[in-house]
Amino acid sequence: MRFMPQTEADIAAMLKTIGAPSLDALIAHVPEGLRRRAVINLAPGRGEAEVAEELCALAAMNAGASGYASFLGAGYYRHYVPAAVRAITARAEFATSYTPYQAEASQGTTQAIFEFQTLITQLTAMDVANASMYDGASAAAEAVLMARRVMPKRRVVALSRALWPDYRATIRTYLSALDGIEIVELPFDNTSGATDLSALEAIASDALLCAVLGYPNAFGVIEPLRAAAEIAHRAGAMMISATAEGLSLGLLKPPGELGADIVVGEGQSFGLALQFGGPGLGFMAAHTAHLRQMPGRLVGQTRDRDGRRAFCLTLSTREQHIRRERATSNICTNHSLCALAAAVYLSQMGRSGLRELAERNVELAHAAADALAARGIRRRFSGQFFNEFTIATPRPAAALEAAERRRILAGVALAPDYPEIADGIVIAVTEMNHHAEFDALADALMERR
Amino acid sequence: MRFMPQTEADIAAMLKTIGAPSLDALIAHVPEGLRRRAVINLAPGRGEAEVAEELCALAAMNAGASGYASFLGAGYYRHYVPAAVRAITARAEFATSYTPYQAEASQGTTQAIFEFQTLITQLTAMDVANASMYDGASAAAEAVLMARRVMPKRRVVALSRALWPDYRATIRTYLSALDGIEIVELPFDNTSGATDLSALEAIASDALLCAVLGYPNAFGVIEPLRAAAEIAHRAGAMMISATAEGLSLGLLKPPGELGADIVVGEGQSFGLALQFGGPGLGFMAAHTAHLRQMPGRLVGQTRDRDGRRAFCLTLSTREQHIRRERATSNICTNHSLCALAAAVYLSQMGRSGLRELAERNVELAHAAADALAARGIRRRFSGQFFNEFTIATPRPAAALEAAERRRILAGVALAPDYPEIADGIVIAVTEMNHHAEFDALADALMERR
Amino acid sequence: MATAGKIPRIIPLHDHATAARDVETQPVGTPLIFELSSDGRSGADLAPRVAGAPSGAELLGPELCREDLRGFPELSEPQVMRHFLRLSQLNFAQALQFYPLGSCTMKYNPVINDEMAALTGFANLHPCAPPHLAQGALELMARLEAALAEITGMDAISLHPAAGAQGELTGLLCARAYHRKRGESRRKVIIPDTAHGTNPASCTLAGYEVVVAKSNSRDFIEASEVRRLVDSDTAAMMVTNPNTLGIFEPQIAQIAAALHEKGALLYMDGANMNALMGVAKPGHMGADIVQLNLHKTFSTPHGGGGPGAGPIGVTRALEPFLPVPRLMKTAQGWTLDSESPDSIGRMRSFHGNFGMLVRAYTYIIALGGDGLGQASRLAILGANYLRKRLEDHFPAASAEPSMHECVLEHDLEKRTGVSTLEIAKRLLDFGVHPPTIYFPLVVHGALMIEPTETETKEVLDAFVVTMERIYAEALNDPELVKTAPHALKLSRVDEAEAARRPILRWQPK
Amino acid sequence: MATAGKIPRIIPLHDHATAARDVETQPVGTPLIFELSSDGRSGADLAPRVAGAPSGAELLGPELCREDLRGFPELSEPQVMRHFLRLSQLNFAQALQFYPLGSCTMKYNPVINDEMAALTGFANLHPCAPPHLAQGALELMARLEAALAEITGMDAISLHPAAGAQGELTGLLCARAYHRKRGESRRKVIIPDTAHGTNPASCTLAGYEVVVAKSNSRDFIEASEVRRLVDSDTAAMMVTNPNTLGIFEPQIAQIAAALHEKGALLYMDGANMNALMGVAKPGHMGADIVQLNLHKTFSTPHGGGGPGAGPIGVTRALEPFLPVPRLMKTAQGWTLDSESPDSIGRMRSFHGNFGMLVRAYTYIIALGGDGLGQASRLAILGANYLRKRLEDHFPAASAEPSMHECVLEHDLEKRTGVSTLEIAKRLLDFGVHPPTIYFPLVVHGALMIEPTETETKEVLDAFVVTMERIYAEALNDPELVKTAPHALKLSRVDEAEAARRPILRWQPK
Ligand SMILES: Cc1ncc(COP(=O)(O)O)c(C=O)c1O
Ligand SMILES: Cc1ncc(COP(=O)(O)O)c(C=O)c1O
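Residue numbers (the numbering used here), protein chains in the order written: chain W, 1 to 449; chain Y, 450 to 898; chain S, 899 to 1407; chain A, 1408 to 1916.
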């Protein structure tokens, strides 16, 4: 088999050294009852060409991956991924190394992560960021757990209902085993689509641990984060902001400036392909004051014995391999290569490019909304939006089907997750969409009206 | 522009250092009449996403590249290219380095070429091989020129008519400027499809410089190389063999064993994609006795000052940059990265794999020929073949069109190049073809009979 | 180095004038991307705004928009490429170096895996694409689930978790839900003293109290110890098998029985599954839950710390609790079902780290059932070979037979004051990534060596020679070893300093 | 190196036991792939033969089949990958290092170029595919021809030649055919003394006798010199412009006129086109033929020595002689036409190095007309900047203004015996690929520096510092420079030895 180099002679020589008569002798101590039944009943191994043929055939069965004008968003966004990102993440030196425990042999990874951490602090206007989390949803859940470590006595977690369903569900699961936590869902304002802050106000007591808002939220609406943070802070609680469209931070006021205490989000927009939803990239940023309660890996700057700048994993006394059951999290393998992709992407887009791209997304999304409005398809919510907005249309499922027949993936219906928004479709527009598509989208959506 | 890093400030500072008021001042000495008209009237520059969009649209206009069962060969063969080949040739260290003039900074390239040279000598059973030529056709032309340098007094070049038309044409062009050369085309035997050696016998005199035969030839037929070499040698002439399907050397008797004096060929089958015909990989091997007359780069083994084995370009006194008008060739840039691809490919296929693959090609091609024969489609020639054979069919153009409608590229018609074979289609079968395709091919070819 | 003694320190030319300027006096490392930045450079050109249309900033207004991203990098594309290419060359990696990092299964990651994951049909597929336009992806997931079920002998697989640790938490939450469903609220999970740190950490996250089981003098867990600890408040026991000493838990079936007798579940940490393929199936051992680390056993790249994927397998009894969404076969083909009333819910967005699933599936069909079985056997062969060949100076910490890895000890600390860490650093000088060190915690100064099945005998032999050499050096010239590495771009990195005064981001001057 | 003086020589662990075994006594380089081989290993698994069917060897019989490929490599896939990955790290390359190799235009090669060439629609297209199934490829070629015609000001372009040198030969054969067609058989081609070696070599191949034109004291060719040499037996003159000193030939128009007056043609070697885009078009200078090196000006990778592509542009009068096939527009779209009665014929198989054409086209539309013009201007800026900054110790060989490269001299050979070669080798220690050296031949000890437009000012500044430093070293410690390099894996490679006793292939022991 092409991946395994041992020849018959090698095996014989090694067995001889060991003093074992056969390969199976090496596992003779495994109970016979287990060994006997252990044969793996799968097809025999295949050459690379045959393997590639099967995979290509499967890939070809995903018609949705190409040939459609797509307005799918809802937490994952179709952006152009520059070739440089692929070229760098494909480097064997980055892809096939382990977590950088041996600093001297890992300066490529550690420095890149240090740069990633810096980029995230710049985007979020926070003090520190970690080396990555699995995705935005689990990062949000870890943020709530972190808040709990900071203020172990508080027990009420306020989740905006306008936070993505996946994020809310993940937070619920992560909190499900914790004693005494109460989750309160903050309703959204049915006109603006933003979280109803009076509901937050109503529960803002010294039991309130934190409030979690999407920024922008699941309807695409840019939440009044500053006002929410003020309410939370008045109650001594923490404000957690979650951003699924990382690109929005290139233009919107950074959560750190608006009072967020923990900023989490999804970095998929920073150079990661859609890949049917994963791997993405969770990011998390916080204030130095809460550093010791942060989950996840952190890379720090130091020196080697000769005074050269160097980077290494640090503050690992927070982590599972040192602190075990008292660790800040169980996370071990994180999404390092995705963080590298983001570092390359953000470096290449750069100071002006990232903002310009963010602006271009706003312009296109607003142009799309205008084009739909011109045809009588109105936005469901009045709140300002970045590159995603919700429309109201009488029969969303039929409308999406009609669009699909015209080779348009028109958006994501809200009804399955928000029965109260039976008429909503969330439409995402990025730099990958063309102005010419907007009229076709309107036509399609009007077909079944 | 993303590839150019100079900021306004950089430009100003650099101009100041130089003492020039503007960029245009640097070219003020270029005659005004030229500068004035030099503006390049092309569309303005575009971002990567837009560029990719145009190229993807062009690529999509090549329907022939996928979705067809293909039997096209005729000098270029569709083989599976393992991922390792792409991964290695994509390495920036290999792809973006120059010809390895500075040995200490080029051991990656020089060692890989040394390995390539060795692999080619092993395949051909020759003493030495060079670092690569442009392609098989130009390598064949250079081989004739080399023979001429070895025996400057001889003037008759015998080209088999069963040598690929491109090779014959290229040789003719390369020789067109040389005084006194006479090209004689050796006819092929209309039954076997092999070169008619009696014609060679007839011109085997002390004027004969060399004979050039395809191995296998343009009809897929395996030429009687040994017999041809014997005739040539008896006349004191050189035997040049040319192989377009490099893979065949994994199974066929190597030309060196059969008496070839110079062995050239096309290495595209060794890990290079089809790419509409280029870049391919010319290879050339010879005997040590003729080393000083070889064209092209050679890498040799040596040592560094501390006795470590090292590799460097050598015997460059043959070459244009030293010998100028008396050089063995004008070749400078060759096909180094393609040679690297071949080295990776051949190393991965390995001793048993390459032979096995060659055998598999024979088996499939013979199975295809049998399947066609069973339906009454007969082979045009009786000579033994490797993975390509010629069929006789009354109206080749119509047959090919009929096949195309069934999404089969059934082969290459011979008539345009061989008016005397009005009924011939050359059909190549590789490991990329499936048994199931053979009946479909027969059906298609029978449709218009 | 040819004349190393004679020449001054040399630092390669960076895109940074200071690097070459003060080479002798100012040792620097590689510049940060921020230090290569220059006002007004850009690595990306965007299509221009539609002429005359308002800008994004104008559309949103100053209230919503941030200041300019001051301090953010400004580089040309070639600079970005060069920077990260250079960084890459500072890494050791499995593809280039022997990397016998115990418990991490640093096997060869086939390049075809990455190509397959990059196919447009996979890479460009949006997670919200209608299922009928994503049948290939769903079919692949279904085939992978079936293959993993066959390999582990478990009844049902969830591909949802993002990594091994998330798999553990997912599994423990399933256990919790299972007990809840039965009206029980058990509070304890038993964990061996040799367990990986993620095990106790996951317990805490899952709301469990950790009870530590002691390995016996032969370094495995006896069923009697489990019987001693387990009671009606025990939700589960987490057992890594082979354990972190590389030893197959011989009493695993009895342990399972002891747990089951008290209504507790056996959670098997499958991070070491590379020892077991075709050798023994967790399902047959009595495991109720097992997590797999696809980035270990199934060859998806570690990526310098992820992304991985940590599917879990469970028995039929636990299937209802698996996270959503679940794959479901309908008349119209595969679909994703989120209506699973007893499910623990979600652990993350969407449907798992699909890109990694493609790679693992590609690997599994490449090896096939026979190849996977052979892989485990050869992994075991390699570990036992190294163990045997190194035994003179680096004896095994345990007398029990080794599976796919071996944990070794040494007497150098006592004899010459050379520590395990220093041995590890010295290995770097020879182009070897060190084994896992100081783990498991129960072995003093442990060297945990997992060669994997994809390394040649020649490499293993060279490693033995190197280890013997370092042993000799430690006796004859301990300073040499203590001050390693010497042959890398950096000397020893001061990790204590990093923790003492954390600098976690670059700051503009 | 931290404590470099103290430690013995260290060689990284190879897949080769000897490497680690005798590290002090037996310095070795990287093992050859053949030395990593072991009987019975394989890096490829093929689909098995159809059961019962005869094997390929049986089908062909022993008469036609070779012996087993003894000595051919036998390695696993991971070994092959590791070997070539390690080799890669021994190279300097433009993507990683400053590479100011004069006359070679080592500019950044955008990674998107390679991705576009790898698109299935291009990479999997067979050259014999029917034209109507290859319209995208043909359209691309047509667009590229048009773009190159616009950039050069030539009437017609052939994308056929595989590299610059083949472009030269193609062009000269066109000239020959042109004269023949007019019933003339001219025998001479004039070439300046500064010409690149391929120019005279191409002349010989094209059957011409070389007549050398002398540059004047200001390092360019005067029209009077051409007038002196040209006669009715002169077929053409080859002029590199800017010439190999980086100087724009100021009398190019007069030279063209002088040639044309005698019925001779002006062949312009366009290898230095990176100086001229949007600055001056060869067509306007009176060039009849020009070759372009796409791997220089148009950013296709050099690949360690190719593949490149060397299209030529010609005037309308020469178009009939261009090689076949020619692109032809028909009612059914693009097709390839081989029926060109006056054509010189073919120089190679098929339709040019298409994969390189895709890259060059990608580059051209990325920069656009404006960007190309700016690229040349910035390339010129960089060369002049370096020239100015280095002038104290490395004065320009010519007083004329520089275009995209500058040729420098130095007095170190006289002052301390340090040669240009040694300076070049010392540069390697600082991570800089040396400039082209000893070329052009007319400049003693030349350093030919072409920074290109894709390098930052910081890099150029650091290069200046490095050159100044080496100058100082050469004065203070000449041995240090003479024995360079010191910081690479190898010390100075003995090239004389290689030529003395050529070992051109590995031989089994
Ligand atoms: C035994 C064991 N369990 C669990 C884990 C955690 O897996 P992951 O890093 O994928 O979260 C590891 C990883 O090192 C491990 O070795
Ligand atoms: C001035 C000049 N002409 C011609 C050539 C030959 O080009 P190629 O190497 O592509 O054959 C070169 C290459 O170095 C050159 O510098």
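Note that the Cβ used here is the ideal one computed from N, Cα and C, for glycine as well.
Handout entry: Contact set for residue 1546 of chain A: own chain, Cβ-Cβ below 7 Å, skip 5 residues either direction
Key = 1741
Exercise for the section: May I ask you to list, following chain order, the residues of the segment 754–771 of chain Y that have a beta carbon less than 9 Å from some beta carbon of chain A? Expected result: 754, 755, 756, 757, 758, 759, 760, 761, 762, 763, 764, 765, 766, 768, 769, 770 and 771
Exercise for the section: Grab me the residues of residue 1380 of chain S's own chain with a C-beta within less than 7 Å of its C-beta, minus the 5 sequence neighbours each way, in chain order. Expected result: 1316 and 1320
Problem - Proximal chain S residues relative to residue 63 of chain W, where beta-carbon distance stays under 9 Å - result: 1019, 1027, 1030, 1031, 1032, 1033 and 1034
Problem - Between the CA atoms of residue 563 of chain Y and residue 925 of chain S - distance to the nearest angstrom - result: A caution first: residue 925 of chain S carries a pLDDT of 49, below 50, which makes its placement in the model unreliable, though a value can still be read off. Near 38 Å, if we compare the C-alpha coordinates of residue 563 of chain Y and residue 925 of chain S.
Exercise for the section: Grab me the residues of residue 1358 of chain S's own chain with a C-beta within less than 7 Å of its C-beta, minus the 5 sequence neighbours each way, in chain order. Expected result: 1280, 1283, 1284 and 1349
Problem - Assigned exposure category for residue 663 of chain Y - 16 Cβ within 10 Å defines buried - result: When all chains shown are included, residue 663 of chain Y counts as buried.
Practice task
Write down every uninterrupted run of the beta strand (DSSP E) in the segment 287–314 of chain W whose length is 3 residues or greater and which is fully enclosed by it, in chain order.
Solution key: 299–303 and 309–313
Problem - Identity of the residue in A:1745, A:1820, A:1786 and A:1473 nearest residue 573 of chain Y by Cα - result: A:1473
Problem - Per-residue DSSP class, three states only, for residue 1235 of chain S - result: strand
Practice task
Give the range of the alpha helix (DSSP H) segment to which residue 1607 of chain A is assigned.
Solution key: 1605–1612
Exercise for the section: Could you check if residue 1457 of chain A is buried or exposed, using at least 16 other CB atoms within 10 Å of its CB as the buried criterion? Expected result: Residue 1457 of chain A should be labelled exposed.
Problem - Closest Cα partner of residue 536 of chain Y within the set Y:814, Y:720 and Y:711 - result: If we check each option's Cα against that of residue 536 of chain Y, Y:720 comes out closest.
Practice task
Identify the continuous beta strand (DSSP E) that holds residue 1644 of chain A and give its terminal residues.
Solution key: Boundaries of the beta strand (DSSP E) harbouring residue 1644 of chain A: 1641–1647, taken from the DSSP string.
Exercise for the section: Kindly say whether residue 837 of chain Y, judged by its beta-carbon, lies nearer than 7 Å to any beta-carbon of chain W. Expected result: no
Exercise for the section: Using alpha carbons as the reference points, say which of Y:585, Y:889 and Y:732 lies closest to residue 613 of chain Y. Expected result: Comparing Cα positions, the closest option is Y:585.
Practice task
Kindly say whether residue 630 of chain Y, judged by its beta-carbon, lies nearer than 7 Å to any beta-carbon of chain A.
Solution key: no
Problem - DSSP three-state assignment for residue 459 of chain Y, whether helix, strand or coil - result: helix
Handout entry: Exposure of residue 307 of chain W, with buried meaning 16 or more beta-carbon neighbours within 10 Å
Key = exposed
Problem - At least three beta-carbon pairs within less than 8 Å, the segment 1032–1052 of chain S to the segment 1191–1211 of chain S - result: In short, these stretches touch, since the Cβ pair count reaches three.
Exercise for the section: Under 9 Å between beta-carbons, which chain W residues line up against residue 1485 of chain A? List them in chain order, please. Expected result: The contacting residues are 2, 3, 4 and 5.
Problem - Straight-line gap, residue 1756 of chain A to residue 616 of chain Y (C-alpha atoms, nearest Å) - result: 7 Å
Handout entry: Test item: CB-CB of residue 939 of chain S and residue 766 of chain Y under 7 Å
Key = no
Handout entry: Extent of the continuous beta strand (DSSP E) to which residue 841 of chain Y belongs
Key = DSSP places residue 841 of chain Y inside the beta strand (DSSP E), whose first and last residues are 837–841.
Handout entry: Bridge partners - residue 1676 of chain A, DSSP secondary structure assignment
Key = Its beta-bridge partners are A:1647 and A:1698.
Practice task
Assess, as a yes-or-no matter, whether the segment 1636–1650 of chain A is touched by the segment 1674–1693 of chain A under the definition of 3 or more beta carbon pairs within less than 8 Å.
Solution key: With the cut-off at 8 Å, the segment 1674–1693 of chain A and the segment 1636–1650 of chain A touch.
Practice task
Determine the closest residue to residue 1612 of chain A out of Y:665, Y:632 and Y:627, with distance taken between C-alpha atoms.
Solution key: Y:627
Handout entry: Status (buried if at least 16 other CB within 10 Å, exposed otherwise) for residue 515 of chain Y
Key = exposed
Problem - Test: residue 92 of chain W CB closer than 7 Å to a CB of chain A - result: yes
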